[in-house]
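Using full-length UniProt numbering, the final residue of the sequence shown is 634, and nothing's skipped along the way. Cβ atoms here follow ideal geometry from the backbone N, Cα and C, with glycine treated the same way.
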Amino acid sequence: MFANPLGLLGLASLAAILGLHLYRRRRRPLVVSAVFLWDEVTNEAQGGRARQPLRRSLSLLAELFGALFLTLALAGPRWFGAETARHYVAVIDSSASLTARSAIDGTTARERAREAVTRSLREMPSDSRATLVLTGPEPIVLAGPFAFRDEALAELAKPWPIFGDHDPTAGLLLGAELAAGGAIDHVTDHVSKASATASATERIRWIAVGEPASNVGITAALRARTTDGDDEIRVVVRNASDRAATLRLTLAPADEPGTAVAEEALVLEPDETRGWTYRVRSTARVMVARIDPVGGPDGASLGAALDGFPIDDVAYLGPPPQKTLRLASRLEAGPSQGLGLGAAGSAERWAEIVIDATAVGSDESPHLVISADAIPTDPMAEALSSPWQLLVQGRAAEPSHLVGPFLLDASHGLLDGVSFDGVVWSMDESATIDPAASVLAYAGDTPLITEALLPGSARVWKLRIDPERSNLGRSADWPILLANAAEERRLALPGPDRTSLALGERFLWRGAPNEPLELVAPGGARRMIESTTSTDLITPRLDEPGLWELRRPRAGTGATAVLQTFGVSLLGAAESDLRDRSSVDPGPRNREDFGDALAQGGRTPWLESVLILLAAAMLGLDWWALRDRSGGGA
């Protein structure tokens with residue numbers, strides 16, 4: 001049996017080798033006493049080669065056997081009676097809900113998924129190949145492509161990353177591409193009948209290893225700095241069960257879990273979602289919100305023994321990054337009053353509507369300036385500290401008055417929540433526009449707001465408006481636009497972007513040290529990371545809930561210093577509701593459904609490797625036989 005019978009066409013090379021040896025011109029060794037005596041030899045007739053008797057030689061045998069071994073290797077020989085090596089492809093769900101523990105046997109859905117894939121792998125022929133893909137925000141190839149079965153089993157036994165709710169489509173598409181038309185096993189903890197039926201024609205077999213369960217969990221948690229300097233913490237809890245739940249919600253520092261700064265007893269009705277807000281003194285410590293399900297006095301409440309999904313019982317809330325924004329104004333009295341900002345050159349009213357912001361003079365290194373004229377920038381200044389500018393056009397000699405509807409780029413942060421309904425936009429349409437600027441708002445085909453990038457990544461937003469004749473300053477959209485501009489600028493300030501993240505997100509630190517840093521996971525795993533640009537550090541996706549640390553190695557000591565601590569939590573109602581989890585066992589599958597491992601590009605079996613080595617040995621033997629042509633005999 002051969003995996004690639006067309007490779008046997010290489011046997012034609014044996015006839016070619018024999019033909020070359022039959023028609024090879026052979027001359028006997030001739031010794032002469034002077035060079036001129038060679039003339040007789042060179043003047044012989046050159047009538048071409050004639051057939052001569054085939055002479056057996058070591059070179060001939062080496063060439064014949066070398067060609068034979070190579071031909072067999074190309075054809076892919078297999079033992080008679082042996083099963084075809086298959087390419088097993090499995091796409092495994094990495095959702096956090098698979099860590100839920102069964103109330104029946106104490107196993108997790110993840111352990112049952114591992115067992116199901118292991119069983120399928122062991123049912124494959126011993127020389128089969130395997131490709132294991134994990135779903136996630138971006139799919140991950142856990143083993144392979146075309147890994148040996150034992151290699152896949154070894155990778156399967158290692159810990160997997162954990163992600164929150166995500167769409168498995170990307171993982172399934174990658175699995176289908178690697179399967180090259182073969183079958184796929186998709187292992188998850190829930191599947192609908194519609195999905196199972198629809199996937200039958202797509203060669204996807206759904207294996208569900210979930211178990212429906214009641215659960216109470218934290219579905220949202222937020223920590224923000226208030227205008228008075230305190231921290232506001234909001235926690236949302238959902239009872240995803242058909243029974244009432246009596247809970248205890250506590251809020252405590254991560255380094256002192258026994259010292260609660262807030263504690264409350266809660267009773268949630270079935271399917272009830274409720275939020276609580278706490279205000280605590282601002283601190284640089286990570287706060288931990290925790291719920292502890294306890295049985296009610298009537299015994300009908302959801303008890304702690306029934307909650308086998310503790311991953312959503314805790315939320316880790318890092319301190320809001322200290323990014324106080326410095327705002328300044330260079331507007332004269334008329335435009336400033338028209339925009340509701342008060343006296344000339346004052347940004348006090350602007351700072352009042354922006355959290356964690358202060359008004360400064362235009363010469364006090366502001367982060368964001370509102371002005372009628374562009375401010376010259378220093379291209380050598382640090383990129384993250386360069387001032388951003390919000391420019392207004394100023395008084396127009398012959399203004400045009402435009403009314404909505406306006407066409408806005410709603411995806412841009414500056415215009416988030418802005419509509420300009422009821423705004424009369426007065427402007428000088430003859431004013432020039434920077435050709436390199438992008439337009440964020442139009443009235444018909446007339447640009448109203450543009451954005452330009454300056455050297456050092458600073459931005460300039462230009463509002464082509466006469467603030468004294470327009471009613472923009474009196475509209476509800478103007479404070480929103482001012483706050484949006486401030487928050488856009490704050491995002492670019494040096495330091496962490498956020499310190500409270502959801503499972504599967506990335507940690508972003510602007511202006512991070514341009515050197516290798518150590519990322520330490522809650523379980524102790526460590527990895528070295530570096531800035532992706534000269535100014536930004538972005539970590540890989542965070543796949544473990546808990547407290548993460550970013551450390552700087554100390555040269556020559558082997559020790560590290562903690563630069564930043566941040567929390568990662570499972571957040572989202574979809575993962576916390578375990579009532580729709582299910583179990584589907586489709587039974588054994590026909591092995592022929594899976595692709596041929598060799599035909600799809602699997603690695604060379606050991607027999608082919610041996611044939612290639614023998615062919616190489618024959619080539620070396622042929623070279624040895626011909627190294628001395630005077631005694632080569634051929």
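{"query": "Supposed close pair LEU266, LEU251 - CB separation, criterion 8 Å", "result": "Actually they do not touch by this definition, with Cβ atoms about 13 Å apart."}
{"query": "Alpha helix (DSSP H) segment containing ILE480, residue limits", "result": "477-491"}
{"query": "Sequence-distant residues of the same chain with beta carbon closer than 6 Å to LYS193, five excluded per side", "result": "Only weak support is given to the placement of LYS193: the predicted model assigns it a pLDDT of 48, under 50, and the question is left unresolved by the model."}
{"query": "Reference ALA157; option with closest CA among ASP167, LEU414, SER470 and LEU142", "result": "LEU142"}
{"query": "Residue 637 vs ALA452 beta-carbon contact at 8 Å", "result": "This structure does not reach residue 637, given that the chain is present from 1 up to 634, and the question cannot be answered."}
{"query": "Same chain, Cβ closer than 8 Å to LEU172, five either side skipped, listed in chain order", "result": "VAL91, THR135, ILE184, HIS186 and ILE204"}
{"query": "Alpha carbon of ALA34 to alpha carbon of SER57, nearest angstrom", "result": "32 Å"}
{"query": "Buried/exposed call for THR227, threshold 16 Cβ in 10 Å", "result": "exposed"}
{"query": "Euclidean distance between Cα positions of ALA200 and ALA130", "result": "The predicted position of ALA200 is uncertain, since its pLDDT is 48 and thus under 50; no value can be drawn from it."}
{"query": "Candidates ARG554, ILE370 and PRO513: closest to SER329 by CA position", "result": "ILE370"}
{"query": "Beta-carbon gap between ARG506 and THR539 smaller than 8 Å", "result": "yes"}
{"query": "Residue range of the beta strand (DSSP E) that includes PHE148", "result": "140-148"}
{"query": "Proximity test, Cβ basis, 8 Å: LEU613 and chain C", "result": "Absence of chain C from the displayed structure is noted, only one protein chain being present."}
{"query": "Three-state secondary structure assigned by DSSP to ASP363", "result": "coil"}
{"query": "Under 8 Å between C-beta atoms of VAL237 and ILE291", "result": "yes"}
{"query": "Distance, GLU352 Cα to GLY258 Cα", "result": "38 Å"}
{"query": "Whole-angstrom C-beta distance between ILE433 and THR450, which should lie under 8 Å", "result": "6 Å"}
{"query": "Check: ARG541 C-beta below 7 Å from any heavy atom of the ligand COA", "result": "Within the structure as shown, the ligand COA is missing, as the structure has no ligands at all."}
{"query": "Sheet register partners of PRO270 (DSSP bridge)", "result": "In the DSSP output, where bridge partners are listed per residue, PRO270 has none listed."}
{"query": "TRP276 vs LEU249 beta-carbon contact at 8 Å", "result": "yes"}
{"query": "Limits of the alpha helix (DSSP H) - the one that THR71 falls within", "result": "58-75"}
{"query": "Residue nearest to GLY524 in terms of C-alpha spacing, selected from LEU547, GLY308, LEU503 and ASP167", "result": "LEU547"}
{"query": "C-beta atoms of residue 638 and LEU626 nearer than 8 Å", "result": "In this structure the chain extends from 1 to 634, so residue 638 is not present and cannot be described."}
{"query": "Bridge partners - LEU368, DSSP secondary structure assignment", "result": "LEU327 and TRP388"}
{"query": "Enclosing beta strand (DSSP E) for ILE207 [first to last residue]", "result": "204-209"}
{"query": "At least three beta-carbon pairs within less than 8 Å, the region 354-373 to the region 319-327", "result": "yes"}
{"query": "The alpha helix (DSSP H) enclosing TRP160, as first and last residue numbers", "result": "Premise fails: TRP160 is in no alpha helix (DSSP H) and is neither H nor E."}
{"query": "Boundaries of the alpha helix (DSSP H) in which VAL133 is found, first to last residue", "result": "Per DSSP, VAL133 belongs to no alpha helix (DSSP H); it is in the beta strand (DSSP E), 129-134."}
{"query": "Contacts around SER531, its chain only, beta-carbon distance under 7 Å, and the 5 residues preceding and following it disregarded", "result": "ALA512, ASN514 and LEU537"}
{"query": "Alpha-carbon to alpha-carbon, ASN239 and GLU272", "result": "6 Å"}
{"query": "Host alpha helix (DSSP H) of THR118 (start-end)", "result": "109-123"}
{"query": "Cβ pair GLY495, PRO321 closer than 8 Å", "result": "yes"}
{"query": "CB-CB length for LEU481 against LEU542, believed under 8 Å", "result": "At roughly 33 Å, the Cβ-Cβ gap does not stay under 8 Å, so LEU481 and LEU542 are not in contact."}
{"query": "Own chain, CB closer than 8 Å to PRO161, minus 5 neighbours either side, in chain order", "result": "SER94, LEU134, GLY136, ILE140, ARG541, ASP543 and GLU544"}
{"query": "ALA221, enclosing beta strand (DSSP E) - first and last residue", "result": "215-225"}
{"query": "Separation of GLU111 from GLY210, as counted between CA atoms", "result": "11 Å"}
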